[in-house]
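Student: Protein chains in written order, with UniProt numbering: chain A, 1 to 337; chain B, 1 to 337.
Idealized CB from N, CA, C, for every residue including glycine.
Protein chains: 2
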Amino acid sequence: MATIEDVAARAGVSIGTVSNVLNRPQAVAPATRARVQAAITALGYVPHAAARALVAGRSRTIGLIVPEVTNPFFADLARGAEEVADDRDLTVMLYNSNKAPGRELRFLGQLESQRVQGILLTPVNQVAEALSDVVARGTPVVLLDRGSGHRNLCSVAVDDRVGGELAATHLVERGHRHLAFVGGPFTVHQVAERLAGARSVTDAAGARLEVIETTGLTVAAARAAATGLARRPAADRPTAVFCANDLLALGVLQTVTRERLRVPGDLAIVGYDDIAFAAAAAVPLTSVRQPRQQLGRVAAQLLFEEIDDPGRHGHRQVVFQPELIARASTRVTAPAS
Amino acid sequence: MATIEDVAARAGVSIGTVSNVLNRPQAVAPATRARVQAAITALGYVPHAAARALVAGRSRTIGLIVPEVTNPFFADLARGAEEVADDRDLTVMLYNSNKAPGRELRFLGQLESQRVQGILLTPVNQVAEALSDVVARGTPVVLLDRGSGHRNLCSVAVDDRVGGELAATHLVERGHRHLAFVGGPFTVHQVAERLAGARSVTDAAGARLEVIETTGLTVAAARAAATGLARRPAADRPTAVFCANDLLALGVLQTVTRERLRVPGDLAIVGYDDIAFAAAAAVPLTSVRQPRQQLGRVAAQLLFEEIDDPGRHGHRQVVFQPELIARASTRVTAPAS
DNA sequence: AACAGCGTTTATAACGATTCAATAACCGGA
DNA sequence: TCCGGTTATTGAATCGTTATAAACGCTGTT
Chain A
1 MATIEDVAAR
11 AGVSIGTVSN
21 VLNRPQAVAP
31 ATRARVQAAI
41 TALGYVPHAA
51 ARALVAGRSR
61 TIGLIVPEVT
71 NPFFADLARG
81 AEEVADDRDL
91 TVMLYNSNKA
101 PGRELRFLGQ
111 LESQRVQGIL
121 LTPVNQVAEA
131 LSDVVARGTP
141 VVLLDRGSGH
151 RNLCSVAVDD
161 RVGGELAATH
171 LVERGHRHLA
181 FVGGPFTVHQ
191 VAERLAGARS
201 VTDAAGARLE
211 VIETTGLTVA
221 AARAAATGLA
231 RRPAADRPTA
241 VFCANDLLAL
251 GVLQTVTRER
261 LRVPGDLAIV
271 GYDDIAFAAA
281 AAVPLTSVRQ
291 PRQQLGRVAA
301 QLLFEEIDDP
311 GRHGHRQVVF
321 QPELIARAST
331 RVTAPAS
Chain B
1 MATIEDVAAR
11 AGVSIGTVSN
21 VLNRPQAVAP
31 ATRARVQAAI
41 TALGYVPHAA
51 ARALVAGRSR
61 TIGLIVPEVT
71 NPFFADLARG
81 AEEVADDRDL
91 TVMLYNSNKA
101 PGRELRFLGQ
111 LESQRVQGIL
121 LTPVNQVAEA
131 LSDVVARGTP
141 VVLLDRGSGH
151 RNLCSVAVDD
161 RVGGELAATH
171 LVERGHRHLA
181 FVGGPFTVHQ
191 VAERLAGARS
201 VTDAAGARLE
211 VIETTGLTVA
221 AARAAATGLA
231 RRPAADRPTA
241 VFCANDLLAL
251 GVLQTVTRER
261 LRVPGDLAIV
271 GYDDIAFAAA
281 AAVPLTSVRQ
291 PRQQLGRVAA
301 QLLFEEIDDP
311 GRHGHRQVVF
321 QPELIARAST
331 RVTAPAS
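1) Given a threshold of 16 other Cβ atoms within 10 Å of its Cβ, counted over all protein chains shown, does Pro140 of chain A qualify as buried or as exposed?
2) Give me the chain B residues within the contact set of Ser59 of chain A, using Cβ-Cβ distance strictly less than 7 Å, ordered along the chain.
3) Any contact of the region 240 to 247 of chain A with the region 212 to 229 of chain A, i.e. 3+ C-beta pairs under 8 Å?
4) What does the Cβ neighbour count give for Val21 of chain B, buried or exposed, with the cut at 16 atoms within 10 Å?
5) Of all the CB atoms in chain A, is at least one closer than 8 Å to the CB of Arg258 of chain B?
6) Identify which residue in B:Leu94, B:Glu82 and B:Gly63 has its Cα closest to the Cα of Gln294 of chain B.
7) For a test of the three-state rule: what should DSSP assign to Leu217 of chain A, helix, strand or coil?
8) Are the beta-carbon atoms of Val158 of chain A and Ser113 of chain B separated by less than 8 Å?
9) Chain B partners of Asn96 of chain A, CB-CB under 9 Å?
10) Considering only residues of the same chain and omitting the five flanking positions on each side of Ala2 of chain B, which have a CB-CB separation below 7 Å?
11) State the start and end residues of the unbroken beta strand (DSSP E) segment that holds Ile65 of chain A.
12) Can you give the beta carbon distance from Glu210 of chain A to Phe186 of chain A, rounded, assuming they're within the 8 Å contact cut?
13) Report the start-end ranges of each beta strand (DSSP E) in the region 288 to 331 of chain B that is 3 residues or longer and not cut off at the edges.
14) With 8 Å set as the bound, which would you pick, yes or no: does the beta-carbon of Ala280 of chain B sit closer than that to a beta-carbon of chain A?
15) Below 7 Å between beta carbons is the criterion; list the residues of the region 127 to 141 of chain B that meet it against any residue of chain A, in chain order.
16) Taking CB distances under 8 Å as the criterion, tell me whether Ala299 of chain A reaches chain B.
17) If the cut-off is 9 Å on Cβ atoms, which residues from the region 111 to 124 of chain B count as contacting chain A, listed in chain order?
18) Pick helix, strand or coil for Val263 of chain A, following the three-state DSSP scheme.
19) Beta strand (DSSP E) containing Leu120 of chain A: first to last residue?
20) Mind checking whether Ile65 of chain B and Thr122 of chain B have CB atoms under 8 Å apart?
21) Compare the C-beta of residue 398 of chain B against all C-beta atoms of chain A and say whether one is closer than 8 Å.
22) Taking Thr286 of chain B as the reference, give the member of B:Ala167, B:Ala53 and B:Val252 with the closest Cα.
23) Quick check on Val7 of chain A - is its C-beta less than 8 Å from some C-beta in chain B?
24) Does DSSP put Phe186 of chain A in a helix, a strand or coil?
25) Per DSSP, which residues does Gly271 of chain B bridge with? Please list them.
26) Hey, would you say Leu90 of chain A sits closer than 8 Å to Arg137 of chain A, going by beta carbons?
27) Along the chain, where does the beta strand (DSSP E) that runs through Leu143 of chain B open and close?
28) Across which residues does DSSP place residue 347 of chain B in a beta bridge pair?
29) Looking at C-alpha atoms only, which residue of B:Gly228, B:Arg115, B:Arg106 and B:Arg232 is the closest neighbour of Ala50 of chain A?
30) What residue range does the beta strand (DSSP E) around Ser19 of chain A cover?
31) At a CB-CB cut-off below 9 Å, which residues of chain A make contact with Leu261 of chain B?
32) In whole angstroms, what separates the C-alpha of Ala53 of chain A from that of Val92 of chain B?
33) Hey, quick one: how far does the alpha helix (DSSP H) through Ala31 of chain B stretch, first residue to last?
34) Alpha helix (DSSP H) containing Val55 of chain B: first to last residue?
35) Under 8 Å Cβ-Cβ, which residues of chain A neighbour Ala72 of chain B?
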């Protein structure tokens with residue numbers, strides 16, 4: 001593969017001049033510049049990023065580690081981050097930790113070894129001890145969606161408690177006095193917060209909120225819970241459920257529909273995340289939407305702030321407010337006769 | 001940040017020895033090795049990947065460009081490729097072209113500039129001219145899922161025609177004589193092939209196959225088609241539909257269910273891709289599954305084959321066979337009275 | 001004719017690792 | 001005691017680029 005030296009030889013100039021053509025073209029006489037450009041295209045010269053990174057001391061990339069690439073939440077977040085990175089001509093290296101702490105650790109090491117300018121990370125569990133080392137050695141890190149507790153790091157997240165409040169308020173305002181929360185396990189911080197938010201609203205409104213814990217956040221996990229609900233006598237049944245995410249909500253919708261309940265007539269449903277399927281469901285689903293792409297943008301901005309001026313930079317924990325998207329699954333219907 | 005020189009100084013050895021500890025520990029006396037290791041951990045030394053890549057002439061990574069990270073097909077494919085790369089201690093750099101030719105081009109350039117050992121690519125449209133340059137300059141490329149026509153490149157793909165045959169055979173064997181194919185646009189190679197496969201089977205069996213073209217492969221796109229179907233008089237209605245993907249199939253399922261048809265009693269449904277939702281649908285969906293992870297594995301293996309011995313390597317086009325997963329949506333039911 | 005000033009170009013020293021030939025240290029055997 | 005043969009360690013060259021200080025060639029002034 002052609003090197004800068006080959007280009008220089010072909011253009012009859014020194015390598016310094018070629019480097020100038022590449023990095024500060026205005027400093028090179030137009031005729032020379034043209035000659036060098038010609039040599040570059042003729043040889044198909046592609047600069048060697050590693051050599052550049054070596055002199056510069058850092059590479060022109062930032063790292064992004066997410067627990068699930070498949071999840072549109074993180075895909076959108078990545079888009080947001082990329083957008084900001086593009087403005088600086090930086091590449092975002094995307095890694096999928098798949099919720100495996102081992103993978104997270106490995107990628108962290110790789111990114112550090114590549115001397116990335118900074119790292120955006122959704123930590124798998126607690127923030128690894130290894131992370132503190134990375135930060136101590138000088139690579140800025142911004143936490144995504146989790147671990148906002150860390151005061152010595154920047155982080156961005158969405159307020160799940162507010163999300164819970166939005167959902168519950170929406171239902172209470174529509175006259176529901178007996179709600180159910182479906183979700184779990186409660187060890188997942190997000191789930192617990194969403195419940196807490198809902199609880200605060202129902203308590204204040206004097207409404208009833210029963211809690212149905214599931215083992216996970218999948219369609220399948222919703223089945224058991226929903227079957228139980230649907231088979232209760234109407235008087236004993238909540239008139240609305242708030243699900244910790246849209247998959248659960250879809251599961252509930254499917255199951256109770258099969259059990260011949262009408263949605264929203266017999267049971268109103270609110271989901272969380274506003275995935276693409278929410279709008280496309282048999283009964284379009286009311287859901288709580290998080291500003292995903294903005295989350296990524298702001299995270300990247302915080303990171304660059306720290307990169308640009310590590311001294312003056314003060315760590316910030318940015319919390320976004322979610323938004324409720326009302327659809328048919330909570331529409332007020334004429335009371336059944 | 002600590003360099004190899006700092007480590008050498010602290011351990012009282014030369015940098016050559018430190019390098020040996022890192023790359024061929026058995027060549028270093030145990031006592032020295034221990035001393036160096038201690039220095040490494042004490043200083044938190046992390047080797048500089050760019051410096052390594054510079055001497056080596058290539059980095060320890062391969063690139064993977066997919067059109068949609070959100071799509072589980074590509075996520076699984078990535079996992080397969082990673083698995084193989086891990087065995088060689090290589091990192092997979094994942095890029096999401098988002099079907100934008102501009103992004104694809106940019107990433108291709110970045111990967112080449114990083115001197116990756118090879119590239120796995122799902123080309124957005126036709127194979128870009130730029131790609132030939134990349135290949136000509138010596139970076140091996142394997143095409144994923146598309147562009148198998150190129151005889152001068154390796155590629156892996158799944159036989160969509162066989163997929164169509166599987167689906168149609170399954171339905172014909174269950175006694176269906178009037179089928180419908182739902183999908184589109186037919187400019188998408190995969191869609192056209194699936195239809196062609198189905199057609200060959202129905203023709204051979206003397207069954208009827210009507211074609212309902214949709215504008216896209218989404219739940220929403222299925223609505224119109226399904227509504228039309230459901231409202232036809234039973235005699236004029238196909239007894240089974242084969243959808244070009246699972247999203248369409250789910251849309252059809254939802255819509256015809258709402259129109260009071262029973263699945264599979266009144267209408268059997270076969271999807272394609274076997275996404276997670278297929279099994280979790282109201283009526284679990286029969287679907288054609290592609291060996292996604294294996295696709296990634298084999299692609300990576302082909303790439304490494306070429307990397308290891310570019311001279312002897314002969315380009316191959318590997319085509320996998322899909323598999324039909326039978327579920328409730330095509331179960332044979334007692335004929336309605 | 002000498003020189004200051006300017007715009008271009010060049011030579012060279014980094015950057016942080018790996019590699020490999022050369023050297024040093026050590027051992028047992030003659 | 002010296003030697004051949006290991007085994008361990010070192011020093012220097014090298015990778016491809018950027019940055020920088022010095023050199024160069026003109027022009028216009030004095």
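Tutor: Answer, in terms of the structure:
1) That one is buried.
2) Simply Ala50.
3) Because the criterion of three Cβ pairs below 8 Å is met, the region 240 to 247 of chain A and the region 212 to 229 of chain A touch.
4) Buried, because 16 or more other Cβ atoms sit within 10 Å of the Cβ of Val21 of chain B.
5) Closer than 8 Å to some Cβ of chain A, the Cβ of Arg258 of chain B qualifies, so yes.
6) Minimum Cα-Cα distance from Gln294 of chain B among the listed residues B:Leu94, B:Glu82 and B:Gly63 corresponds to B:Glu82.
7) Under the three-state reduction of DSSP output, Leu217 of chain A falls in the coil class, being neither helix nor strand.
8) With contacts defined by Cβ atoms closer than 8 Å, Val158 of chain A and Ser113 of chain B do not form a contacting pair.
9) What Asn96 of chain A touches in chain B: Val69, Ala75, Ala78, Arg79, Glu82 and Leu94.
10) For Ala2 of chain B, where only same-chain residues beyond five positions count, the Cβ hits under 7 Å are Leu43, Gly44 and Tyr45.
11) Per DSSP, Ile65 of chain A is one residue of the beta strand (DSSP E) stretching across Thr61 to Val66.
12) The Cβ separation is near 14 Å, so there is no contact.
13) Segments of the beta strand (DSSP E) lying fully in the region 288 to 331 of chain B: 317 to 320 and 323 to 325.
14) Look at Ala280 of chain B: its C-beta is under 8 Å from a C-beta on chain A.
15) Cβ contacts with chain A come from Asp133, Arg137 and Gly138.
16) Ala299 of chain A does not count as touching chain B.
17) Taking 9 Å as the upper bound on Cβ-Cβ separation, chain A lies near residues Glu112, Ser113, Gln114 and Arg115 of the region 111 to 124 of chain B.
18) Assigned with DSSP and collapsed to three states, Val263 of chain A falls in coil, not helix or strand.
19) Annotation: the continuous beta strand (DSSP E) that includes Leu120 of chain A extends over Ile119 to Leu121.
20) Remark: C-beta atoms of Ile65 of chain B and Thr122 of chain B approach each other more closely than 8 Å.
21) Because chain B here runs from 1 to 337, residue 398 of chain B falls outside it and cannot be looked at.
22) Nearest to Thr286 of chain B by alpha-carbon distance, out of B:Ala167, B:Ala53 and B:Val252, is B:Ala167.
23) By this cut-off, Val7 of chain A is not an interface position.
24) The answer is coil: DSSP assigns Phe186 of chain A none of H, G, I, E or B.
25) B:Ser287, per the DSSP bridge assignment.
26) Not a contact, by the Cβ cut-off of 8 Å.
27) Start and end: Val141 to Leu144.
28) Since the displayed chain B opens at 1 and closes at 337, residue 347 of chain B lies outside it and no answer follows.
29) Minimum Cα distance to Ala50 of chain A is reached at B:Arg115.
30) Per DSSP, Ser19 of chain A lies in no beta strand (DSSP E); the unbroken alpha helix (DSSP H) holding it starts and ends at Ile15 to Asn23.
31) Those do not exist, as Leu261 of chain B stays about 13 Å from chain A at its closest Cβ, beyond 9 Å.
32) Rounded to whole angstroms, Ala53 of chain A and Val92 of chain B show a C-alpha spacing of 19 Å.
33) Where Ala31 of chain B is concerned, the enclosing alpha helix (DSSP H) stretches over Pro30 to Leu43.
34) Boundaries of the alpha helix (DSSP H) harbouring Val55 of chain B: Ala49 to Ala56, taken from the DSSP string.
35) Checking the sequence, you will find Pro at residue 72 of chain B rather than Ala. Residues of chain A passing the Cβ test: Thr70.
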